[in-house]
Every structure is written in C-alpha cells, then in structure tokens.
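Beneath this line is the structure, given in structure tokens, with notes to follow.
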Amino acid sequence: MLAHRTSLFKSSRTAAARAAAKAASDDGKEIIDLTAGEIWADLAPTIREGALEAIRQGENRYTDTVGVMELREALARKVSTETGQVWAANEIAVTTGAKQALFNAAMVLLNPGDKVIIPAPYWTTFPAQVRIAGGIPVHVDTRSNGYALRIEDIESALTAKTRAIVINTPNNPTGTVYDAEILRGIGQLAIQHDLWIIFDECYGDFIHTDGAHHPIVSVLPEVRSRTLIVNAFSKSLALTGWRIGYLAGPDYVISAVKALQSHTTSNPNVIAQHAALFHLQNTDGSYERQLRSQLFAARQVGFSVLSGLSRIPAPTAMGGFYFYLDLKNILAPEPWNLVVGDRDADTLVRELIAQAGVATVSGTAFGDPFALRLSYGVPPDKLESGLGRLVKFLNAWE
Ligand code: PLP
C-alpha cells in the first residue's frame with residue numbers, strides 16, 4: 187500500500203509523451219519526435235571547457251548545499267544585470283534544475299490548504315508540486331483570451347486562502363510573453379492581497395517578437411520582497427541533462443531552501459556547477475545568440491509549414507520554442523463549451539503517432555484537452571517533415 191500522497195501526482199505527462207514516441211520507434215515505426223522540451227544543439231564550448239577543467243582539478247566533494255559561493259556570486263551579478271537591482275549571493279540558491287527550485291519554493295512557502303493561482307494552460311509540473319507541498323492549485327483559464335492573462339480573471343479567482351501566484355513568461359506551452367503592463371497589474375494585486383509571486387523565466391532568453399522579457403521585479407520593484415525568481419541553464423544553454431537551475435529571493439527564504447535542500451539532494455552536481463560558473467565568467471554571448479537565431483529560423487520554417495493548416499489558427503509562439511495549436515475548431519466545434527467529447531487531444535496524439543508517424547504533446551498535459559504542443563527545438567529537416575505530416579493529417583482529419 188502506497189502513501190496517500192502518491193494519489194496527488196502522476197508521472198509527468200510530457201515525459202509520458204516522450205516515452206510514447208520512443209516506444210513507437212522501438213516498435214520499428216519511423217517517428218518524428220516533436221515532443222522535446224529541450225533544444226537540439228551542441229554543448230556551449232565554455233560549458234565543455236568549464237566541466238573538463240573541474241574534472242582536471244579533481245573536483246569531487248560536496249559543495250555548499252545551495253552552490254559554490256563563486257557561482258552564487260556570479261548568479262547574483264546575472265540577476266542584478268537582468269533586473270536592474272543589486273542582488274547578493276545570500277539571495278541565490280543553486281538547484282538541481284528549475285524543477286527543484288520550484289519544488290523548494292512550494293515546500294517552504296505553502297501551508298496545507300493554501301491556494302496557488304496558476305494560469306492555464308500551464309506547465310504540467312506546477313500544479314503537481316503545489317499539491318505535493320499541501321497546497322491547492324487554482325487555475326485561471328486564458329484560453330478564451332488568446333492565452334493572455336487578464337487581471338479581472340485573477341481577481342475573481344482570489345480567496346482569503348490564496349497565498350501565491352505562478353507566472354511563467356514566456357509561457358510553456360502557449361509561448362505567451364507577458365508585457366510590462368500585465369506584470370505591473372499582477373504585482374499590484376500581489377501587494378494588495380499579500381501574495382507570493384513565483385516567477386518562472388526559464389524561457390526568458392527566447393523572445394521572438396518585438397516585445398521583451400521583463401522580470402517582474404524590474405517592472406515593479408516593490409514586489410521584490412514577495413517574489414521568487416526561478417531560472418535555469420536547461421533551456422537557455424540547451425543543457426537539460428546537466429541539471430543546473432537557481433532560485434533568487436529574499437535571504438530568509440533562501441536560508442529555508444538551503445535547510446530543505448540539505449535534507450533532499452544536497453548540492454547540485456559539482457562539475458555542472460563549475461561548468462556554469464566558467465560559462466558565466468567567460469561567455470562572450472555568441473553561443474546564446476546562435477541558439478536564439480537557430481530557434482528564430484526554426485520558428486520561421488514552422489510558420490511557413492503550419493500556414494498550410496486549413497481549420498486551425500496559426501500559433502503565436504512569441505517566446506520559448508513551442509508551437510501551441512488551438513484545436514477547438516476540430517475537437518469542439520462551436521459553441522465551444524469546454525466539455526470533452528468522445529475525442530480529445532489525447533486521441534489525436536495517438537492517431538498522429540500511429541498514422542502519421544509524428545509525436546506531439548497533448549494539451550491535456552497542460553490542462554487543455556483541445557490543443558497540441560509541438561517543439562521547434564529539433565533539427566530543421568525533422569521539423570519540416572514532422573510538421574508537413576501533421577498538417578496533412580490534421581487537414582484530412584474527420
Ligand atoms: N519551468 C518550465 C516552465 C519548464 O518548461 C521546465 C522544463 O520543461 C522547467 C521549469 C524545468 O526546468 P529544468 O529542466 O531546469 O528543471
């Protein structure tokens with residue numbers, strides 16, 4: 187008999203989508219996998235060199251639980267530059283990816299029954315972690331508003347038990363980038379209602395439109411004492427497997443995170459920490475620029491193939507590296523009542539794998555059974571032929 191807690195979460199649906207693609211290709215099918223939450227790219231030379239140097243130096247010990255001091259200092263400088271404010275090393279915890287940063291945040295902030303507002307569609311792990319930490323996720327649906335959050339929708343979801351709001355910009359899966367005005371509004375609400383802001387900016391380096399990424403604390407400095415910034419090198423340096431992320435927030439929160447992490451994972455991998463430090467000290471920004479232009483080019487290719495879709499609106503994909511296709515025209519024709527019929531995106535994902543040989547992530551992973559997420563962080567030839575198959579299949583789907 188397992189603990190009751192295990193009923194609060196299932197294996198990540200995005201991981202399951204990846205596994206379904208792999209299972210089909212292990213069965214001998216030729217599958218183009220567009221499920222990836224990561225970018226197809228080589229290691230940054232600075233990361234390779236930093237890691238090799240750490241190995242040459244014989245780094246093998248535990249480090250400080252929340253990261254070596256030089257890395258925390260370098261990250262404090264990074265956050266200072268990005269936010270236009272001064273941050274110190276004791277306001278930074280280095281974590282095993284952004285996922286651990288978020289989990290730490292949930293564990294040190296939430297009491298049983300606390301509610302956390304999570305705009306939907308949402309990255310699948312946010313609500314799972316809130317539940318594990320004893321909280322209650324409350325979703326604010328952005329689907330009828332082009333995946334953009336409205337202040338009045340947040341307001342109507344607030345109760346006396348609301349303790350935090352999760353803001354993920356650019357958003358996974360929708361690609362929505364929050365502008366300064368909405369961030370200011372969210373910040374003001376957080377002040378009025380005494381909320382924590384968990385600000386996940388893992389995709390902040392990838393903005394493909396005229397807008398910019400705005401850290402909420404630079405838009406409204408008064409929210410700094412109630413904001414936890416979550417970021418990682420996983421997406422920004424195509425380094426998902428190395429598991430280096432960080433949390434920036436008030437020093438007493440970071441102390442609590444340190445105590446928690448000292449009983450869970452201890453420090454993040456020492457070689458990866460030194461690689462990240464070496465990168466921060468030596469990068470000239472060219473690797474980052476190259477990743478950005480790779481994604482921008484892939485996005486253009488994707489748009490041109492997806493323009494062949496006959497019944498589905500073009501995605502916006504303002505930031506990040508996903509196309510999020512709104513399928514309600516084919517899955518829930520008007521009036522769109524958000525009731526799942528006999529077919530939802532899960533059905534479609536299965537048929538796409540079996541009949542078109544292309545793997546995607548169902549919107550159900552993001553609380554939205556009427557959508558698909560496709561990654562364009564894949565090699566260009568795969569992207570073009572995968573999307574080509576998808577367009578042909580969806581146009582013919584009855
Ligand atoms: N936050 C968001 C919005 C993500 O999409 C992901 C990964 O997909 C993460 C956090 C986790 O990142 P990491 O691999 O650094 O744990």
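Taking our numbering, the leading residue of the sequence shown gets 187, the next gets one more, and so forth. Using N, Cα and C, we set each Cβ at its ideal position, and we do this for glycine too. Please read all numbers here as calculations on a predicted model, not as lab measurements.
Cβ-Cβ distance between residue i and residue j below 7 Å
i: Ser452; j: Thr281; result: no
i: Ala275; j: Ala262; result: yes
i: Ile351; j: Ile303; result: yes
i: Ala461; j: Gly236; result: yes
i: Val403; j: Ala366; result: no
i: Gly253; j: Gln459; result: yes
i: Gly494; j: Val577; result: yes
i: Ala376; j: Val409; result: yes
i: Val443; j: Val294; result: yes
i: Ala230; j: Tyr473; result: yes
i: Ala545; j: Ala207; result: yes
i: Thr469; j: Thr232; result: yes
i: Ile415; j: Phe385; result: yes
i: Leu569; j: Ala483; result: no
i: Leu558; j: Ala518; result: no
i: Ser211; j: Ile217; result: yes
i: Leu335; j: His379; result: no
i: Ile516; j: Arg536; result: no
i: Glu277; j: Ile383; result: no
Contacting residues, own chain, Cβ-Cβ under 7 Å from residue i (five flanking each side not counted)
i: Arg317; result: Leu194, Phe195 and Pro323
i: Phe507; result: Ile225, Phe392, Leu481, Ser561, Tyr562 and Gly563
i: Gly553; result: Ala306, Pro307, Tyr308 and His325
i: Pro220; result: The question names Pro, yet the displayed sequence has Leu at residue 220. The residues are Val544, Ala545, Thr546, Leu560, Ser561, Val564 and Gly572.
Three-way DSSP call (helix, strand, coil) for residue i in this model
i: Phe392; result: coil
i: Lys347; result: coil
i: His400; result: coil
i: Gly505; result: strand
i: Thr360; result: coil
i: Arg663; result: A query on residue 663 cannot be resolved here, the shown segment of the chain reaching from 187 to 584 and no further.
i: Trp382; result: strand
i: Asp300; result: coil
i: Ile353; result: strand
i: Val324; result: strand
i: Gln490; result: The question names Gln, but residue 490 in the sequence shown is Ser. Ser490: helix per DSSP, three-state reduction.
i: Tyr308; result: coil
i: Ile368; result: helix
i: Leu433; result: strand
i: Ala418; result: strand
i: Leu511; result: strand
i: Ser571; result: helix
i: Thr267; result: helix
i: Ser441; result: helix
i: Thr282; result: coil
Reference residue i; option with closest CA among the options
i: Thr328; options: Asn455, Leu344, Thr348 and Pro307; result: Pro307
i: Phe289; options: Val272, Glu277, Phe312 and Thr269; result: Phe312
i: Ser198; options: Ala207, Pro305, Met187 and Ala314; result: Ala314
i: Thr413; options: Ala545, Lys421 and Tyr438; result: Tyr438
i: Glu341; options: Thr469, Asn331, Lys514 and Ile372; result: Ile372
i: Pro454; options: Ile498, Pro298 and Ala279; result: Ala279
i: Val456; options: Tyr248, Asp213, Gly214 and Thr221; result: Tyr248
i: Leu446; options: Ser548, Gly214, Gln286 and Ala260; result: Gln286
Residues near residue i in its chain [Cβ-Cβ closer than 8 Å; skip 5 each side]
i: Asp239; result: The sequence as given places Glu at residue 239; Asp does not occur at that position. Answer for Glu239: His460 and Phe464, listed in chain order.
i: Ser186; result: Outside the shown range of the chain, which is 187 to 584, sits residue 186, and nothing can be said about it.
i: Gly299; result: Gly320, Gly321, Ile322 and Lys347
Residues of its chain near residue i, where Cβ-Cβ distance is below 6 Å and the 5 sequence neighbours each way are ignored
i: Arg575; result: Ala542 and Val544
i: Leu423; result: Ala230
Task: the region 353-370 touching the region 495-515, judged by at least three CB pairs closer than 8 Å - done: yes
Task: Touch test, the region 420-430 against the region 528-542, Cβ-Cβ under 8 Å, three pairs minimum - done: no
Open item on the list: Any contact between the region 199-213 and the region 368-383? By contact I mean 3 or more CB pairs, one from each, below 8 Å.
Closed with: no
Open item on the list: Considering only heavy atoms of the ligand ZN and the C-beta of each residue, which residues fall inside 6 Å, strictly closer?
Closed with: Ligands present in the displayed structure are limited to the ligand PLP, and the ligand ZN is not among them.
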